Amino acid sequence: MILLDSVSKQYAGDASPALDSVSLHIEPNEFVFLVGKSGAGKSSLIKMITKEEIPDSGKIIVGGIDLDYVKRRHIPGYRRRLGVVFQDFKLLPRRTVYENVAFALEIAGMSGRDIRKTVPKVLELVDLLDQAKKFPDQLSGGQQQRVSIARSVARQPKILIADEPTANLDKLTTAEIIALLKKINDFGTTILVSTHDESVVNNLQKRVITLKDGKVVNDQKNNGIYELSERPVPKAPVRIVQTPGHALKPRPVANVATRSTTTEPARTKAPASRQVQRSTNVQRGANKRRVI
Amino acid sequence: MVAEKVGKEKKLKKASKKSLRTMRRNRNRHPVREKVRIVKYGTKSFGRNIWLSTAATVVMAITLIILFVTVVASVILTNTAEMMKDKIDITVYFKPNTSEEILAELTEIISKDSNIKSVETSTSEEEYAKFLAENADSDEVLNVLDDEMSALMIGKMQSTMRVKVNDVDNLDSIKNIVENDELFVSFVDKDKAPTYDVNRAEISTITSWARIARTGGIILAGVFLIISILIIFSTIRMAIFSRREEIYMMKLVGAEKSFIRGPFLVEAEICGLIAGLIAATASYFGFSFLAPKLAGYGINVESISEIMESNQLILVFLVFIAVGVVIGRISARLAVHKYLNKA
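Those protein sequence lines, which keep their order, are chains A and B.
If you count by my numbering, then the first sequence holds residues 1 to 292, one letter each, in order.
If you count by my numbering, then the second sequence holds residues 293 to 635, one letter each, in order.
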């Protein structure tokens, strides 16, 4: 669904490249986390996929289209094939929630009747039907992000790209947004989420691609675990699994050693005190969480 | 191996181009629907940005009024100068009792000059009649004018010839006729010289004022038109600058340029339309109020008054609205273009 072959990009004035020969392949219906610290190249990579930036070298193929052949005149049409969610929501401030979602359908040329049918369904999916007439500044951050997601999935794109969708949200809202993205993925949409929030990644057992200094340093196909900081990986990391009714239930992770096949330097065992501290923090973040 | 790779590349290129072609074909399948949406969002946006819209409209209206005042002032000044110029004539005085026949002959001679606009003659009797008319209210004058006195006065009054010319700066040929033509020389009153020498300085001043009024008015109107466009452009650009993020957002979600640009243009056009209406109404009432006062000072406002009081007033309103809409649209288009091409 998304293929990057030796993609490199260096911005003028930067000493090191934003992306350095990045190659990866995302299959249809996959849910992939793109992780890394700030400046690792996550946003650059997403901008290449959304055609906001052009790579210096390498090939990008998205949904069967080689982006080399996407000229300026093709860009709007190409972007309409994607769903994109942004860190800062990027909602149209002078349009209501309903109009923001409808906008995505109007630019695709959908008829008024179809829009009137589709928008309420999409708003129901993100649980915002009762907020349809409000303007973005009348909503909370989480609600705004859900509008942004509703706008991006309204056209039922095959690919949804989310650039740090939870960066401005609290932990509970983050869990809700990730659960929503998971739901959309279950409908058959390929999802690529960039984040530097390790709790977001560890909540779901999905593929994790780690970028560091513009390079892919780790690509865990399944049950990916991501540790952003340089601190050692604990033997039994905290794993919170969401169950129906938003009850978040922790689950022990088996065989961590086999999964953490990272190219980063070997990590040492974390002190017991730090593990306890992390557990306490998670408990504070959500009342319904239980930590092993 | 290489052949296989090349084959795959070709297939990919073909598939990509096919997908992109389909995308382009599916674009704007319903241009009317798109236009309706553009107008709808432009109108809504005007209402939702009411403060910004009002500010832009007011600036546009004031600028249009200034433009109107400049154009009208230039026309009035030119007309007044022309009117004054038209009042200037050259008077040639002939000996008393020069007959009508002689005057007709003299008229025929001078009319041959191409600079002559019109020639009017009056005999001594007619001059006396004029004198009586001018002093109709003066009992002192009328009391002394018995028949004998009247006959004496007619005998003393010169017959006159009033000549209006096309070009007051070029009087040499007329002067030549008056001074050298035999008939003229024999009948011109030697005691009273023709007025072309006396009024020469005044004639020259008024002529140069008329010229300045005409060219200055055109230049001033042009300068104000450019200033107006710049003011309106800056106002709309500032309004759009505050919303440049919106343009960027729309681009990111895949809106076509025309769909992004459209509502901004509609908004600016609504501003221009309302500003045009306000400016035309204000100008109409302002002119109606000031015109009689200006006319009292001897300023020629006739031509503008004629327009304002006839059906052409609708045309004036339409011109105002058209100028507002066109300048608004051009300004918005240029301003949006800047941000539209950035993202």
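Think of the CB as a built atom: it goes at the ideal place given N, C-alpha and C, for glycine as much as any other residue.
Computed from a predicted structure; not experimentally measured.
Per DSSP, which residues does residue i bridge with? Please list them.
{"i": "residue 162 (chain A)", "result": "A:85, A:193"}
{"i": "residue 5 (chain A)", "result": "A:59"}
{"i": "residue 450 (chain B)", "result": "B:388"}
{"i": "residue 456 (chain B)", "result": "B:410"}
{"i": "residue 207 (chain A)", "result": "A:32"}
{"i": "residue 212 (chain A)", "result": "A:215"}
{"i": "residue 66 (chain A)", "result": "A:61"}
{"i": "residue 383 (chain B)", "result": "B:454"}
{"i": "residue 480 (chain B)", "result": "B:386"}
{"i": "residue 10 (chain A)", "result": "None, per the DSSP bridge assignment."}
{"i": "residue 19 (chain A)", "result": "A:9"}
{"i": "residue 74 (chain A)", "result": "Paired residues: none, contrary to the question."}
For residue i, count neighbouring C-beta atoms within 10 Å of its own C-beta (all shown protein chains included) and say buried if the count is 16 or more, exposed if not.
{"i": "residue 14 (chain A)", "result": "exposed"}
{"i": "residue 157 (chain A)", "result": "buried"}
{"i": "residue 106 (chain A)", "result": "buried"}
{"i": "residue 541 (chain B)", "result": "buried"}
{"i": "residue 630 (chain B)", "result": "exposed"}
{"i": "residue 323 (chain B)", "result": "exposed"}
{"i": "residue 110 (chain A)", "result": "buried"}
{"i": "residue 276 (chain A)", "result": "Here residue 276 (chain A) scores only 40 on pLDDT, less than 50, and its place in the model is too uncertain to base an answer on."}
{"i": "residue 535 (chain B)", "result": "buried"}
{"i": "residue 371 (chain B)", "result": "buried"}
{"i": "residue 441 (chain B)", "result": "exposed"}
{"i": "residue 244 (chain A)", "result": "Here residue 244 (chain A) scores only 43 on pLDDT, less than 50, and its place in the model should not be relied on; the value that follows carries that caveat. Burial call: exposed."}
{"i": "residue 364 (chain B)", "result": "buried"}
{"i": "residue 395 (chain B)", "result": "buried"}
{"i": "residue 588 (chain B)", "result": "exposed"}
Nearest CA to the CA of residue i: which residue from the options?
{"i": "residue 98 (chain A)", "options": "A:120, A:31, A:41", "result": "A:120"}
{"i": "residue 302 (chain B)", "options": "A:66, A:149, A:190", "result": "A:66"}
{"i": "residue 620 (chain B)", "options": "B:556, B:585, B:419", "result": "B:556"}
{"i": "residue 28 (chain A)", "options": "A:62, A:122, A:137, A:167", "result": "A:62"}
{"i": "residue 521 (chain B)", "options": "B:313, B:312, B:354, B:304", "result": "B:354"}
{"i": "residue 616 (chain B)", "options": "B:305, B:445, B:570", "result": "B:570"}
{"i": "residue 298 (chain A)", "options": "A:45, A:1, A:26", "result": "The requested residue 298 (chain A) is not part of the displayed model; chain A covers only 1 to 292."}
{"i": "residue 140 (chain A)", "options": "A:89, A:180, A:182, A:76", "result": "A:89"}
{"i": "residue 17 (chain A)", "options": "A:30, A:211, A:199, A:218", "result": "A:211"}
{"i": "residue 148 (chain A)", "options": "A:96, A:71, A:26", "result": "A:96"}
{"i": "residue 351 (chain B)", "options": "B:567, B:625, B:594", "result": "B:567"}
{"i": "residue 478 (chain B)", "options": "B:316, B:551, B:397", "result": "B:397"}
{"i": "residue 558 (chain B)", "options": "B:428, B:314, B:329", "result": "B:329"}
{"i": "residue 82 (chain A)", "options": "A:68, A:43, A:7, A:51", "result": "A:51"}
{"i": "residue 523 (chain B)", "options": "B:298, B:586, B:349", "result": "B:349"}
{"i": "residue 129 (chain A)", "options": "A:101, A:84, A:164", "result": "A:101"}
{"i": "residue 580 (chain B)", "options": "B:564, B:597, B:428, B:592", "result": "B:597"}
{"i": "residue 25 (chain A)", "options": "A:142, A:155, A:71, A:2", "result": "A:2"}
Where residue i and residue j are concerned, what is the direct C-alpha to C-alpha distance, given to the nearest angstrom?
{"i": "residue 546 (chain B)", "j": "residue 108 (chain A)", "result": "8 angstroms"}
{"i": "residue 23 (chain A)", "j": "residue 613 (chain B)", "result": "59 angstroms"}
{"i": "residue 605 (chain B)", "j": "residue 412 (chain B)", "result": "38 angstroms"}
{"i": "residue 375 (chain B)", "j": "residue 369 (chain B)", "result": "10 angstroms"}
{"i": "residue 420 (chain B)", "j": "residue 599 (chain B)", "result": "41 angstroms"}
{"i": "residue 454 (chain B)", "j": "residue 505 (chain B)", "result": "27 angstroms"}
{"i": "residue 577 (chain B)", "j": "residue 601 (chain B)", "result": "11 angstroms"}
{"i": "residue 436 (chain B)", "j": "residue 424 (chain B)", "result": "12 angstroms"}
{"i": "residue 483 (chain B)", "j": "residue 446 (chain B)", "result": "17 angstroms"}
{"i": "residue 500 (chain B)", "j": "residue 461 (chain B)", "result": "10 angstroms"}
{"i": "residue 57 (chain A)", "j": "residue 12 (chain A)", "result": "15 angstroms"}
{"i": "residue 115 (chain A)", "j": "residue 200 (chain A)", "result": "33 angstroms"}
{"i": "residue 452 (chain B)", "j": "residue 572 (chain B)", "result": "50 angstroms"}
{"i": "residue 517 (chain B)", "j": "residue 357 (chain B)", "result": "11 angstroms"}
{"i": "residue 167 (chain A)", "j": "residue 126 (chain A)", "result": "19 angstroms"}
{"i": "residue 301 (chain A)", "j": "residue 623 (chain B)", "result": "The structure shown does not extend to residue 301 (chain A), since chain A is modelled only from 1 through 292, so no value can be given for it."}
{"i": "residue 314 (chain B)", "j": "residue 507 (chain B)", "result": "59 angstroms"}
{"i": "residue 180 (chain A)", "j": "residue 173 (chain A)", "result": "10 angstroms"}
{"i": "residue 389 (chain B)", "j": "residue 373 (chain B)", "result": "36 angstroms"}
{"i": "residue 444 (chain B)", "j": "residue 608 (chain B)", "result": "59 angstroms"}
{"i": "residue 400 (chain B)", "j": "residue 416 (chain B)", "result": "19 angstroms"}
{"i": "residue 476 (chain B)", "j": "residue 448 (chain B)", "result": "19 angstroms"}
Could you give the C-beta distance for residue i and residue j, rounded to a whole number, given that I count them as a contact under 8 angstroms?
{"i": "residue 194 (chain A)", "j": "residue 34 (chain A)", "result": "4 angstroms"}
{"i": "residue 466 (chain B)", "j": "residue 480 (chain B)", "result": "The pair is not a contact, with the Cβ atoms about 13 angstroms apart (cut-off 8 angstroms)."}
{"i": "residue 145 (chain A)", "j": "residue 178 (chain A)", "result": "Not a contact, Cβ separation roughly 11 angstroms."}
{"i": "residue 360 (chain B)", "j": "residue 575 (chain B)", "result": "5 angstroms"}
{"i": "residue 55 (chain A)", "j": "residue 8 (chain A)", "result": "6 angstroms"}
{"i": "residue 632 (chain B)", "j": "residue 539 (chain B)", "result": "6 angstroms"}
{"i": "residue 309 (chain B)", "j": "residue 69 (chain A)", "result": "6 angstroms"}
Sorry if obvious, but does the Cβ on residue i come closer than 6 angstroms to a heavy atom of the ligand MG?
{"i": "residue 200 (chain A)", "result": "Ligands displayed in this structure: none; no statement on the ligand MG is therefore possible."}
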